[in-house]
Amino acid sequence: MSGEDSITRLEIGGREIILVGTAHVSKESTDQVEQVIRDESPDTVCVEIDKTRYRSISEGQSWSGLNVYEVLKQRKGFLLMANLVLASFQRRLGMNIGAAPGEEMRRAVVVCEELGIPFVFADREIHVTLRRAWKKTGFWGKNKMLAALLSSVFTKEKLSAEEIENLKEKSAVQDMMEELADYLPSVKKVLIDERDTYLAAKIFESNGKKIIAIIGAGHVRGIVQRLESFDTGAVAPDVTDIEAVPPPTRFSKIVPWLVPAVVLGIIATGFLRSGWKEGLEMLWLWVLVNGTLSAVGALLALAHPLTIVLSFAAAPITSLNPTIGVGIVTGLLEAVLRKPRVRDFESLLDDITSLKGFYRNRLTHILIVFFLSSLGSAIGTFIGIPWLTSLLA
1440 MSGEDSITRL
1450 EIGGREIILV
1460 GTAHVSKEST
1470 DQVEQVIRDE
1480 SPDTVCVEID
1490 KTRYRSISEG
1500 QSWSGLNVYE
1510 VLKQRKGFLL
1520 MANLVLASFQ
1530 RRLGMNIGAA
1540 PGEEMRRAVV
1550 VCEELGIPFV
1560 FADREIHVTL
1570 RRAWKKTGFW
1580 GKNKMLAALL
1590 SSVFTKEKLS
1600 AEEIENLKEK
1610 SAVQDMMEEL
1620 ADYLPSVKKV
1630 LIDERDTYLA
1640 AKIFESNGKK
1650 IIAIIGAGHV
1660 RGIVQRLESF
1670 DTGAVAPDVT
1680 DIEAVPPPTR
1690 FSKIVPWLVP
1700 AVVLGIIATG
1710 FLRSGWKEGL
1720 EMLWLWVLVN
1730 GTLSAVGALL
1740 ALAHPLTIVL
1750 SFAAAPITSL
1760 NPTIGVGIVT
1770 GLLEAVLRKP
1780 RVRDFESLLD
1790 DITSLKGFYR
1800 NRLTHILIVF
1810 FLSSLGSAIG
1820 TFIGIPWLTS
1830 LLA
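Residue numbers are given in our numbering: position 392 of the sequence shown equals residue 1831, and the series is strictly consecutive.
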């Protein structure tokens, strides 16, 4: 695929807008970005990155200040794990072809600073995007998303430089977007559709007669459609509704209490209808199923023996209490028993490039314990409810 094929030129409101579609771990994309900026001499350059991620790329990501205790207590363990696994996938892709993820964005800013060209960080803040994706995804959707991310850690497949460049082809990109939409529609809406709108609005509002936008190839089609809608006045470039995390709704506050209410209602009915013996048998069945599967999850995570025992004891209780999950309990205990060391923070970016590294690093190992014990308890809950119901019948 030639470099010119990844460039889209538009006339919007008497201005020329040049979209440069890139592959985020492509050396060719990085070189092309610099060449286009130098050749075109634009009035403004928009880059698909936010200030936080740019600072991380340009100055290096520092994990030394990460407090894993606070992460778990604030119920952000799933978000951190998803972020690390995604970083793992991008880092391994870049290692295969000698290019760092996001290098084309960093190069664009460096060239703009050298030439004195104004530039705009045009992407939405990463923490807003991740939190919106998380809030708009149901429980099983969250696990599907993490399962897809974790599968990237297990895979040994390596992409060549040529295959990376093929990611910029419109047909390949469209196939990927459609696959994501079918698998996780809520995630695709936040990660792709919303950001298409946000990026297009920032590009549309930029100053100058000639504007270059450096964007991932997957966003080109959506941005073109939105820019044309802005130009005709069919849609206003207003991103107020998507630039913040929405507050929880009353329904979303009620839903977590429904499962405990159902379980306790079934067990209480068992006591009332069949007496203490049958009621206690149902209660023990709940403890056995939920606790065992959570403990199996902790065992698969190679947790400390005390953590495995606690996982069995805590899961049946925490599964009936929406304010705390078993993963928070097991993760905190694992963090106490195997406290992360300085070298775990220093080697984090290297360790996350392999499954063995995820287990070896104490920080990511805590997250694995958190995730697998939570997953085991969740499976136990959805097995236990129909089982208890069948006993009533």
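Backbone N, C-alpha and C fix where the C-beta goes; we use that ideal spot for every residue, glycine too.
Below 8 Å, enough C-beta pairs join the stretch 1774 to 1782 and the stretch 1798 to 1809 to call them touching: three or more. Take Arg1570, set aside five residues on each side of it, and the residues of its chain with a beta-carbon closer than 8 Å to its own are Leu1518, Val1684, in chain order.
In this model, Val1765 and Phe1690 are separated by some 23 Å (Cα to Cα).
In the assembly as shown, Tyr1637 is a buried residue. Its beta-carbon has 16 or more other beta-carbons within 10 Å. Taken in chain order, the complete alpha helix (DSSP H) segments of 4 or more residues contained in the stretch 1780 to 1818 are 1781 to 1785, 1787 to 1790, 1794 to 1799. The beta carbon of Ala1734 sits closer than 6 Å to those of Ile1747, Ser1750, Phe1751, all from its chain and outside the five residues before and after it, given in chain order. In the three-state scheme derived from DSSP, where H, G and I count as helix and E and B as strand, Val1702 is classed as helix. Listed in chain order, the non-local C-beta contacts of Ile1565 below 8 Å within the same chain comprise Asp1489, Thr1491, Arg1492, local neighbours out to five positions each way being set aside.
Using a 10 angstroms sphere on the CB of Trp1573, the tally of other CB atoms reaches 16 or more, which defines it as buried. Contact between Thr1461 and Ser1645 does not hold, since the beta-carbon distance rounds to 18 Å and is not under 8 Å. At a Cβ-Cβ threshold of 8 Å, Thr1769 and Val1808 count as neighbours.
When the Cα atoms are used, Ala1707 and Ser1813 turn out to be separated by approximately 25 Å. Residue pairing by DSSP leaves Gly1718 without any beta bridge partner. Scanning the stretch 1649 to 1686 for uninterrupted alpha helix (DSSP H) segments of 4 residues or longer gives 1659 to 1671, listed from N- to C-terminal end. When the beta-carbon positions are compared, Ile1456 and Ile1642 come within less than 8 Å of each other.
Proximity of the stretch 1462 to 1481 to the stretch 1537 to 1557 meets the contact definition, three or more beta-carbon pairs being nearer than 8 Å.
When the beta-carbon positions are compared, Lys1515 and Ile1767 stay at least 8 Å from each other. According to DSSP, Cys1485 shares a beta bridge with Val1559, Ala1652. By a beta-carbon distance limit of 8 Å, Asp1635 contacts Ile1662. Their separation comes to about 5 Å. In this structure, Tyr1508 sits near Leu1771, with a CB-CB distance shorter than 8 Å.
The bridge partners DSSP lists for Ile1456 are Leu1449, Ile1650. Within a 10 Å sphere around the beta-carbon of Gly1453 sit fewer than 16 other beta-carbons, which makes this residue exposed. Val1550 is a Cβ neighbour of Glu1473, given a cutoff of 8 Å.
In the structure shown, Thr1461 falls within a strand segment according to DSSP collapsed to helix, strand and coil.
For the pair Lys1466 and Lys1648, the Cα-to-Cα distance works out to about 29 Å.
Boundaries of the alpha helix (DSSP H) around Gln1471: 1466 to 1479. The C-beta of Asp1790 has 16 or more other C-beta atoms within 10 Å across all chains shown, which makes the residue buried. Leaving aside the five residues that flank Ile1496 on each side, the residues in its chain whose CB is nearer than 6 Å to its CB run, in chain order, Gly1541, Arg1545. Here the alpha carbon of Gly1655 sits roughly 23 Å from the alpha carbon of Val1674. The Cβ atoms of Leu1732 and Gly1815 sit closer than 8 Å to each other. Per DSSP, Thr1568 is one residue of the alpha helix (DSSP H) stretching across 1565 to 1574. Short of 8 Å from the beta carbon of Leu1703, and not among the five residues preceding or following it, lie these beta carbons of its own chain, in chain order: Leu1759.
Taken through DSSP and simplified to helix, strand or coil, Leu1741 comes out as coil. In this chain, the alpha helix (DSSP H) harbouring Val1510 covers 1507 to 1512.
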